[in-house]
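In UniProt numbering, the protein residues as written are 1 to 304.
Every residue gets a Cβ at the ideal spot worked out from N, C-alpha and C, and that includes glycine.
Please read these numbers as outputs of a predicted model, since none were measured by experiment.
Note sheet for the following structure.
See the structure below:
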């Protein structure tokens with residue numbers, strides 16, 4: 001290309017305009033058709049591929065998948081719970097968000113040796129690592145203010161004060177604390193990147209349940225990017241999702257084949273209605289999702 005000129009894209013317009021949701025649908029189809037069958041921790045069995053990536057543009061729409069209904073309120077409430085550093089699954093249960101019930105149950109905690117842990121106490125999981133990395137965990141009721149490293153606050157400080165920094169990292173993977181967690185983090189690290197007044201995020205996920213987890217994870221980290229952009233006076237850019245062990249549980253194959261028959265509809269738009277710059281002051285009512293008209297819910301069983 002000549003200086004100042006950009007060569008036209010090689011792809012025809014129809015291919016360029018392909019709905020971003022097809023990245024997810026094509027990956028599922030590829031894994032079902034060509035993935036390796038493997039046993040797994042839950043005893044369910046999976047079809048699996050290693051090392052995949054999807055990219056979603058957050059500038060004009062929000063990637064809440066449309067080929068099935070995604071539990072938007074659950075996405076928001078869980079993320080706000082992470083951002084506050086909470087580890088108590090009962091706080092989500094009280095809002096009728098039950099996504100952590102399986103991993104916080106008495107039976108499950110006993111099964112992994114956490115017999116002294118109160119039911120609903122997940123240990124030093126995501127939010128604790130985001131806000132108190134390195135602090136000693138006692139239980140979900142303790143006050144950890146000022147303890148450990150507040151990574152989320154550091155991320156915001158760096159974005160505001162040194163946006164070219166290549167160390168704007170948020171990690172939930174803490175090897176010294178894994179044995180205390182009800183579940184080691186699946187979405188374990190993300191990096192933020194500022195360019196042209198826009199904030200982008202790349203997240204690495206070690207274990208990716210394509211049927212149930214990944215649609216939630218796409219929405220959650222896209223929302224985190226939008227919230228941090230809002231707090232820092234930037235616009236959202238891209239969310240890049242890098243997947244390690246990307247798998248389809250064997251009992252999800254039939255429901256997902258049903259979902260693959262659905263044609264994607266336009267992504268909704270997201271508006272943040274509050275002016276707050278306090279990362280802990282957001283509530284579900286501050287987020288206005290418009291134009292979300294998905295296909296119906298596709299039922300799948302979670303492997304615990």
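In this structure, DSSP gives residue 204 an extended state, which the three-state scheme calls strand.
Residue 138 counts as exposed, since fewer than 16 other beta carbons sit within 10 angstroms of its beta carbon.
By the Cβ test, the segment 241-251 is in contact with the segment 52-68, since at least three Cβ pairs between them sit closer than 8 Å.
Between the segment 255-262 and the segment 221-239 there are fewer than three C-beta pairs closer than 8 Å, too few to call the two in contact. Taking 9 Å as the cut-off, the Cβ atoms of residue 172 and residue 188 count as close. In this structure, residue 73 sits near residue 97, with a CB-CB distance shorter than 9 Å.
DSSP places residue 46 within a strand segment (E or B) once states are collapsed to three.
Fully enclosed beta strand (DSSP E) runs of no fewer than 3 residues occupy 169-171 and 187-195 of the segment 149-199, in order along the chain.
For residue 23, the closest of 67, 46, 41 and 60 by C-alpha to C-alpha distance is 67.
Inter-residue distance for residue 201 and residue 20 is about 17 Å (C-alpha atoms, whole angstroms). For residue 240, the enclosing beta strand (DSSP E) covers residues 235-249.
Residue range 21-34 is occupied by the alpha helix (DSSP H) that includes residue 21. DSSP places residue 287 in the uninterrupted beta strand (DSSP E) bounded by 287-290.
Taking each of 109, 99, 190 and 279 in turn and checking the Cα distance to residue 167, the smallest one comes out for 190.
Of the candidates 266, 17 and 252, the residue whose Cα lies closest to the Cα of residue 298 is 252. Excluding residues up to 5 positions away in sequence, 298 and 300 lie with their Cβ nearer than 6 Å to the Cβ of residue 255 in the same chain. A straight line joining the alpha-carbon of residue 163 with that of residue 234 spans about 11 Å. From the listed residues 286, 279, 288 and 294, the smallest Cα separation to residue 152 is found for 279.
Excluding five sequence positions before and after residue 129, the CB atoms of its chain that fall closer than 6 Å to its own CB belong to 172 and 174, given in chain order.
Residue 46 and residue 304 have their alpha carbons spaced roughly 13 Å apart.
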